[in-house]
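**Q** A single structure is presented below for examination.
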Amino acid sequence: MAIRFNELGSKLKAGLAPVYLICGDEPYQFGEAARLVREAARCAGFDEREILDTEGQFQWGALAAAADAMSLFSSRRLIELRVSNGKVGKEGSEAIRAYCERPCPDNLLLILAPGMDRKELQSAWAKRVESIGAVIQVWPLKERELEDWLAQRLQSVGFQPGAGVAALLAERSEGNLLAAVQEVEKLRLLHEPGPLELDDLLGNLADSARFDLFALTDAALNGDRARVQRVLSVLRAEGTADVLVLWVLARELRMLAEAAGAVAARASLDAVYSRHRVPRMRQETIGRALRRLSPGRLRELLSQCASVDRAIKGVEPGDPWHRLAVIADGMSGGAV
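First residue of the sequence shown? That's 1 in full-length UniProt numbering, and the numbers climb one at a time after it.
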């Protein structure tokens with residue numbers, strides 16, 4: 001069955017499916033959905049967790065081996081299959097379908113596929129998972145959906161948002177739930193629970209530090225190399241996860257690369273801006289960045305992002321934060 005993100009909690013309380021597939025490119029919902037499934041599995045007695053990562057020279061026989069293996073520590077096990085690019089290939093499709101033909105009640109399979117596209121969702125293996133388990137898709141919210149979600153989030157932490165409050169927060173977060181959550185958390189630190197009007201919000205935003213994830217991309221797009229490094233230093237000092245910084249930079253670079261391709265083909269940028277939900281107020285800034293960054297430079301920066309991802313996972317040496325600083329500097333006009 002297909003489950004909406006906001007229905008997942010109640011569905012898990014009603015009982016666990018043998019297989020869950022979480023896919024889509026909205027990182028906050030993705031992480032929350034995975035956390036909810038893990039917690040529900042733990043509460044149901046799936047005390048052991050085995051992680052299978054399909055990156056690199058992964059052997060799909062490992063899935064069947066994990067399903068058949070006897071545990072020394074727990075009678076029930078959560079098998080977490082990570083498919084970072086969302087594609088499993090012929091061998092992977094066969095392995096997952098074979099698992100679904102004989103799911104063991106002592107195992108729960110959680111498939112995490114953040115890079116999975118809608119075409120792959122129509123594949124035989126994904127349809128088989130949906131027929132015996134649950135598929136949770138987490139795509140970016142539309143503008144109105146984000147406003148409604150923010151209003152509910154504010155209410156859940158004790159605020160009574162007035163007219164325009166949720167809309168302004170949605171505009172600041174630029175369609176990203178993780179940024180929206182960060183804005184709400186800042187408000188909890190700066191404002192007492194209760195009525196929250198637009199004037200209150202504007203005052204708090206003016207007083208709050210702007211060293212957040214999206215200040216980083218704003219500085220990079222504007223070519224402000226000094227500010228880029230200051231923001232990175234503060235993010236690191238505040239304990240921001242390196243993987244989140246990487247996600248924000250990579251997302252911006254993918255959009256820029258697509259826009260650069262459109263410019264090279266003498267095509268309109270409107271479709272690119274619409275697809276990536278780029279607010280009108282940022283389009284001029286992006287246009288200036290495209291004049292500074294060639295398609296080749298953007299490809300090189302995206303390649304650097306892949307290298308940082310491997311460093312974060314521990315499969316490649318190097319300090320991820322140093323590499324993130326190099327990428328951000330490259331975005332702002334420095335040499336890579």
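Don't be surprised by glycine CBs; every beta carbon is placed ideally from N, CA and C.
Mind checking residue 182: buried by the 16 CB within 10 Å criterion, or exposed?
**A** Buried, since its Cβ has 16 or more Cβ neighbours within 10 Å.
**Q** Count the other CB atoms, across all protein chains shown, that sit within 10 Å of the CB of residue 134; report buried if there are 16 or more and exposed otherwise.
**A** So residue 134 ends up on the buried side.
**Q** What whole-angstrom Cβ distance do residue 196 and residue 154 have, given they're in contact under 8 Å?
**A** That pair is a contact at about 7 Å.
**Q** Look at the alpha carbon of residue 65 and the alpha carbon of residue 321, and state the distance between them as a whole number of angstroms.
**A** Rounded to whole angstroms, residue 65 to residue 321 spans 37 Å at the Cα level.
**Q** Given a cut-off of 7 Å on the beta-carbon distance, is the pair residue 290 and residue 259 in contact?
**A** A contact, by the Cβ cut-off of 7 Å.
**Q** Go ahead and pull the three-state DSSP assignment for residue 214.
**A** Three-state result, residue 214: helix.
**Q** So does residue 129 have its beta carbon nearer than 6 Å to some heavy atom of the ligand ATP?
**A** You won't find the ligand ATP in this model; it holds no ligand whatsoever.
**Q** Please give me, in chain order, every unbroken run of the beta strand (DSSP E) with length at least 3 that falls completely inside the stretch 90-162.
**A** List check, beta strand (DSSP E) in window: 107-113, 134-137, 159-161.
**Q** Beta carbon of residue 36, beta carbon of residue 9: below 7 Å?
**A** Cβ atoms of residue 36 and residue 9: closer than 7 Å.
**Q** Can you pull the DSSP bridge partners for residue 20?
**A** Looking at the DSSP assignment, residue 20 forms a beta bridge with 110, 134.
**Q** Output the boundary residues of the alpha helix (DSSP H) element that contains residue 324.
**A** That run of the alpha helix (DSSP H) goes 320-331.
**Q** Quick one: what's got a C-beta closer than 8 Å to residue 209's C-beta in the same chain, skipping five residues either side?
**A** Bear in mind that the predicted position of residue 209 carries a pLDDT of just 40, short of 50, making it unreliable; the figure below should be weighed with that in mind. Taken in chain order, the residues that qualify are 234.
**Q** Which of helix, strand or coil does DSSP assign to residue 225?
**A** Here residue 225 sits in helix by DSSP.
**Q** Since residue 180 and residue 150 should fall inside the 8 Å C-beta cutoff, what is the C-beta to C-beta distance between them, to a whole number of angstroms?
**A** About 6 Å separates the two Cβ atoms, so the contact holds.
**Q** Let's test the definition: count the other Cβ atoms within 10 Å of the Cβ of residue 237 and tell me whether it reaches 16, buried, or not, exposed.
**A** Answer is exposed; the Cβ neighbour count stays below 16.
**Q** Please report the Cβ distance between residue 178 and residue 244, rounded to the nearest whole angstrom; I am assuming they are in contact, meaning their Cβ atoms lie under 8 Å.
**A** Their Cβ separation, rounded to whole angstroms, is 7 Å, which keeps residue 178 and residue 244 in contact under 8 Å.
**Q** Going by DSSP in three states, residue 2 sits in which element: helix, strand or coil?
**A** Looking at residue 2 - three-state DSSP - the assignment turns out to be strand.
**Q** Check whether the Cβ atoms of residue 137 and residue 15 lie closer than 7 Å to each other.
**A** No, the Cβ-Cβ distance between residue 137 and residue 15 is not below 7 Å.
**Q** Out of 98, 256, 327, which one is the CA nearest neighbour of residue 282?
**A** It is 256.
**Q** Let's test the definition: count the other Cβ atoms within 10 Å of the Cβ of residue 85 and tell me whether it reaches 16, buried, or not, exposed.
**A** Residue 85 comes out exposed.
**Q** Can you list, in chain order, the residues of its chain whose CB lies under 7 Å from that of residue 296, leaving out five sequence neighbours each side?
**A** Correct list: empty, nothing qualifies.
**Q** Which value, in whole angstroms, describes the spacing of the CA atoms of residue 11 and residue 22?
**A** Looking at the two C-alpha atoms, the distance is approximately 14 Å.
**Q** If we require 4 or more residues per run, which alpha helix (DSSP H) segments fall completely within the stretch 267-291?
**A** With a minimum length of 4 residues, the continuous alpha helix (DSSP H) runs that stay inside the stretch 267-291 are 270-275.
**Q** Unbroken alpha helix (DSSP H) runs of length 4 or more, entirely within the stretch 31-83: which are they?
**A** 61-68, all fully within the stretch 31-83.
**Q** Can at least three beta-carbon pairs, one atom from the stretch 27-34 and one from the stretch 90-103, be found at a separation below 8 Å?
**A** The stretch 27-34 is not in contact with the stretch 90-103.
**Q** Please classify residue 143 as buried or exposed, where buried requires at least 16 other C-beta atoms within 10 Å of its C-beta.
**A** With fewer than 16 Cβ atoms within 10 Å of its Cβ, residue 143 is classed as exposed.
**Q** Rounded to whole angstroms, what's the CA-CA distance from residue 239 to residue 185? Just pull it up for me.
**A** About 15 Å.
**Q** Would DSSP call residue 317 helix, strand or coil?
**A** The answer is coil: DSSP assigns residue 317 none of H, G, I, E or B.
**Q** DSSP has residue 194 in a bridge; who is on the other side?
**A** Note: residue 194 sits in a beta bridge opposite 159.
**Q** Check whether the stretch 221-233 touches the stretch 323-332, counting contact only when three or more Cβ pairs, one atom from each stretch, lie closer than 8 Å.
**A** Touching, yes, given that three or more Cβ pairs across the two stretches are closer than 8 Å.
**Q** Does the separation of the CB atoms of residue 81 and residue 41 fall below 7 Å?
**A** Result no, Cβ atoms of residue 81 and residue 41 do not sit closer than 7 Å.
**Q** Have a look at 279, 267, 189, 315 and flag the residue whose alpha-carbon is nearest the alpha-carbon of residue 172.
**A** Nearest option by C-alpha distance: 279.
**Q** Quick one: using the 10 Å Cβ neighbour count with 16 as the cut-off for buried, is residue 175 buried or exposed?
**A** Classification for residue 175: buried.
**Q** I think residue 307 touches residue 300, with their Cβ atoms under 8 Å apart; what is that distance to the nearest whole Å?
**A** The pair is not a contact, with the Cβ atoms about 11 Å apart (cut-off 8 Å).
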